[in-house]
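FYI, my numbering numbers position 10 of the sequence shown as 278, with every residue one higher than the one before it. Since the structure comes first, as structure tokens, the remarks are kept for the end.
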Amino acid sequence: MSVDETAPLRVLVAVADPHARADVITRLAAGPQLEIVAENDGPNTVPLAERLRPDITLLCTDSAHHTPSITHLSRVFVLTPDGSAVPDGATGHLPPGFTVFDLLRHIRDASRITHGLSAREAEVMDLIASGRSNGEIARQLFLSEKTVKNHVNRIYAKLGVDSRATAIALWRGMMSALPAKD
269 MSVDETAPLR
279 VLVAVADPHA
289 RADVITRLAA
299 GPQLEIVAEN
309 DGPNTVPLAE
319 RLRPDITLLC
329 TDSAHHTPSI
339 THLSRVFVLT
349 PDGSAVPDGA
359 TGHLPPGFTV
369 FDLLRHIRDA
379 SRITHGLSAR
389 EAEVMDLIAS
399 GRSNGEIARQ
409 LFLSEKTVKN
419 HVNRIYAKLG
429 VDSRATAIAL
439 WRGMMSALPA
449 KD
């Protein structure tokens, strides 16, 4: 996998109903932040995820039983109206009619909580992941560059990384792109 911060997140859509699947794909195609790498009706989700290693897998509630087999490969979001059918191991759920922005917000929130970042640190990390320099981040957030650098140092410490590319890979959920720890 590439750690290119401008690369779109790779999504596998596993939705049984063909009309619902087409609707999800249409909504995801609305933004350049996501790339649909595969779609299926559920039965071959696990082998497909093992082969493609998507960043995100979207499952309908009928396919949610695959969640435990996929969570080590991808962040899993279950498409459900109320969140009641979200199995253990899933990153979260998305309601019907979700937007690309909703999905990206859920991914960001899950990453922030998982890695213990403050809301401001998550905001800085989002800007890092979008390719902004410390100076650009400082100007956008009305902070000094020294304050941004302090945020970056705390982010690196919390994520356990020592480079921007590795922080971006971890933030985006591309764990396989990280070097193995000794």
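Note that the Cβ used here is the ideal one computed from N, Cα and C, for glycine as well. Source: prediction; values computed, not measured.
Check	Outcome
Span separating the alpha-carbon of Ile293 from that of Lys414	42 Å
Length of the line joining the Cα atoms of Ala290 and Asp350	21 Å
Nearest neighbour of Asp285, chosen from Ala378, Ser331, Thr359 [CA to CA]	Ser331
4 or more residues per run - each alpha helix (DSSP H) lying fully within the stretch 316-379	335-338
Selection from Phe410, Cys328, Asp394 that minimises the alpha carbon distance to Val420	Asp394
Neighbour-count burial assignment, Asp430, 16 or more Cβ in a 10 Å radius	exposed
CB of Val283 within 8 Å of CB of Leu326, strictly	yes
Which residues DSSP lists as bridging Ala282, in chain order	Asn308, Leu327
Own chain, CB closer than 8 Å to Ser412, minus 5 neighbours either side, in chain order	Ala406
For Ala433 and Leu280, the rounded distance between their alpha carbons	24 Å
Thr313 beta carbon less than 8 Å from that of Ile338	yes
Cα-Cα separation between Arg295 and Lys426, rounded to whole angstroms	34 Å
C-alpha gap between Phe345 and Asn402, whole angstroms	32 Å
Backbone CA spacing between Leu347 and Leu409 [nearest angstrom]	34 Å
Arg321 versus Glu404 - alpha carbon distance	32 Å
Own chain partners of Lys417 with C-beta closer than 8 Å, once the 5 adjacent residues on each side are dropped	Asn402
Ala378 vs Trp439 beta-carbon contact at 8 Å	no
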